[in-house]
Each structure stands twice: as C-alpha cells, then as structure tokens.
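Asks:
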Amino acid sequence: MGASKIAFIFPGQGAQFVGMGKEFYDKYDVARRLFREADEALGYSISDMCFEGPDDKLVLTANTQPAILTVSVIAAEVLRETGIEPEIAGGHSLGEYSALVEAGAIDFADAVMLVHKRGSFMQDAVPVGEGAMAAVLGLERSQIVEICESASKKSKNNRLLVEAVNFNCPGQTVIAGTTEGVKLAVDALSAAGAKKAVMLPVSAPFHSALMAPAAERLAAEMEKITIRDARIPVAANYTGELEQDAATIKSNLISQADHAVKWEDCVAAMAHGGATHFVEAGPGKTLTGFNRRIDRSLINMNVSDIATLQKTLDTLKGVS
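Quick note on numbering: numbering that gives the first Met the number 0 labels position 236 of the sequence shown as 235, and the sequence is numbered without any gaps.
1. Name the residue from E263, L297, A256, P282 whose alpha carbon lies nearest to the alpha carbon of A320.
2. Taking the C-alpha atoms as reference points, what is the distance between A102 and A163?
3. Could you check the C-alpha separation between K153 and V185 for me, to the nearest Å?
4. Using the DSSP secondary-structure output, state which residues sit across from L241 in a beta bridge.
5. In whole angstroms, what is the alpha-carbon distance linking A190 and L217?
6. Look at Y27 and I73 and say whether their C-beta atoms are less than 9 Å apart.
7. So, with DSSP's three-state summary, where would you put F9?
8. Return the CA-CA distance between F166 and T287, expressed in angstroms with no decimal places.
9. How big is the Cα-Cα spacing for M121 and V58?
10. Classify M198 as helix, strand or coil using the three-state DSSP reduction.
11. Cα separation between T172 and V144?
12. What does DSSP give as the partner residues of N301 in its beta bridges?
13. Taking Cβ positions, are V29 and P65 nearer each other than 9 Å?
14. For K310, does the count of other Cβ atoms within 10 angstroms reach 16, so buried, or fall short, so exposed?
15. Taking the C-alpha atoms as reference points, what is the distance between L315 and A306?
16. Measure the alpha-carbon distance for A203 versus V161 and round it to whole angstroms.
17. Taking contact to mean at least 3 C-beta pairs separated by less than 8 Å, is the stretch 4-15 in contact with the stretch 87-100?
18. Using DSSP with H/G/I as helix, E/B as strand and the rest coil, what is A108?
19. Quick one: is S141 buried, meaning 16 or more other Cβ sit within 10 Å of its Cβ, or exposed?
20. Please return the same chain residues whose Cβ sits closer than 7 Å to the Cβ of A124, not counting the five positions on each side in sequence.
21. Which word fits D47, buried or exposed, when buried means at least 16 other C-beta atoms lie within 10 angstroms of its C-beta?
22. By Cβ distance, which residues of its chain are closer than 6 Å to D54, with the 5 residues on each side in sequence left out?
23. Across the stretch 132-140 and the stretch 279-293, are there enough close Cβ pairs to call them in contact, namely three or more that are closer than 8 Å?
24. Is A75 near I226, with beta carbons less than 9 Å apart?
25. Between the alpha carbons of V201 and G130, how many angstroms are there, rounded?
26. Take G128 as the anchor and find which of D264, R158, A193, C147 has the nearest alpha-carbon.
27. Provide the residue span of the beta strand (DSSP E) that contains T285, from first to last.
28. If I measure Cβ to Cβ from M269 and keep anything under 6 Å in the same chain, skipping five residues before and after, which residues do I get?
29. Going by Cα to Cα distance, which pick from Y96, R79, T81 is closest to I67?
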C-alpha cells in the first residue's frame, strides 16, 4: 500500500456541549476570527451560546447546526496550522457541510447561514410531536429496512410512515418517521430480536421522507450561494461515494435532507480511497466510535479541545 492518507471527518447534531470551542478561542487567532465571522453571518452570538449556553438554547436545531459546524471547522483549521492536511473528508449529516467547507467547496460564512436555515427548515417540516426517531441495536440493516417497509405498508395515508435513516455502523441503525409509525416499528424490531430499539429525544424525524419540504426550501437557498468543485474528495451521505464535482455536491446535499445517511458506506469509500488515519474534528467522538465498529484496521483520533489536539498530533507524527 502507498503512503497513509489522512481523512478529516466531522460530527453531526447531538455532539454539542456548552463550553465547546472555548479553549481554541482562547489560544488561536483563527478560532477567534471564525467565531467572529459566524456571529456576523448569523446576526447573533453563536460564540456566546457555545461557551455559556444555556443548553436549552444550544440544543435548538437552528442553533445547534451552525454551532457544531463552526467548532468543527475551527478544529480542522487549527490542525492545518500545525501542518496536518486532509486528503479526503467526510461528515455525518450536518458534518458533510463542515467537510465541504474544509474541501473549499463552500465558503464558511455561507455554510454557517445555510445550516442555520437547514435547521429551521427541518424543524418546520413536521409539527413537534408528529415525528420521531429511534435507535436500533443488534439487527442487520436489511432486516430493519424490511420491517420498516412492512410497518409503512399498513398505512394508506402516511400516518405510519417509517424508514431506516442512519446506517451508522454494524449493529447500529436509526429509524425515523411519524411517531405512530416509529412506535409500531420499534415493537416489531424488538420482537424480531433487536438488542435494543429505543425512541430518541429528538424534535423531528430527520432524513426521512417527511423532510421533503425542508429539502425543497434548502434547494432554493442553495441557488443563492456559490458551490465549487471540492479540492479533495468528500464522501457524500446520500450516495456513500466520494465526490468532487460542484453540481453533484449540490444535488447530493439537497437529497441528503430527506434521505438516509449512509455513514458505513462513506467510511468504506474513504478507506477505499486510501484513508488510513481518521481525525474527527469538532465536539465529541461519536464518529470515532462508529468507525471502530466499521473497520478495526483504521486509526481513529478526535480533536475537540487542546488535550485531544495534542494527543492527535503525537499520533500523527511521521504519517506522510
């Protein structure tokens, strides 16, 4: 095999925590500049929300998405300043936008505004309480897809719509749809031998067909910004393949809103493209956990603060 390639990967919603990004802000000019740019793009202080909360404001989808994107891009830029450059990138759901910023396909300020709007559109697509998501552990993805399809078929008017929407790693899949449909599927999946099938504390059925109105509104917003060819290959959630072409990136991002996130496929594509070392840039280490279950041969790190940055730099010493 040739030289090791470094992939930067970026987390999605759920990774946020109050205090994220503060250590980078205190130490690095690039962090202060990017937080300032994000605040200006949004017209309110996402930096204050990241550092001080309150948590109930930070967890609102329209705030969470630009907050995580900002901290993720900052972590990646800090890595770049130390001489660590990605040769491939990818991100989970919202994280795909962070990856595209790092790949030069979307300007940072445009991405901040876009994901803020994306969060609002996704929240508005389904009235609170009418949609739900659940995590399913310990069943094959084909079995989950089949059970969801059979639950959906019991309904004529979409009241029982449910589908698999996140293929995170072997043994962990997330389903979404109408609250009624998800509950029915959870019972059926438990009966089929799932180790666990539990409702998630989320406010909307992300990545399900119910997000079609959000995808339409997102498409209109994308007409207002410039999307360029990516400098490096970026794994697309919608196809699970590496992409660099601007038109394809745009169309995939629109489809991503109301289609499944194929994270397992994305990681396989990045590994196939030569990535051996995966650095999760941004809050938490969810993807690091997924990757270990997808392919044990991959070397995984995460950078969410100064301590993890140092640990990652030590691990990457000598990687070409």
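Note that the Cβ used here is the ideal one computed from N, Cα and C, for glycine as well.
Replies: Taking the structure as given:
1. Any answer about residue 320 is impossible in this case: the structure gives the chain only from 0 up to 319.
2. 29 Å
3. 15 Å
4. A234
5. 38 Å
6. yes
7. strand
8. 15 Å
9. 14 Å
10. strand
11. 10 Å
12. E279
13. no
14. exposed
15. 14 Å
16. 13 Å
17. yes
18. helix
19. exposed
20. A203, L209, M210, P212, A213
21. exposed
22. V17
23. no
24. no
25. 9 Å
26. R158
27. T285 -> not in any beta strand (DSSP E); alpha helix (DSSP H) instead, spanning 285-293.
28. A6, I87, G89, A234
29. Y96
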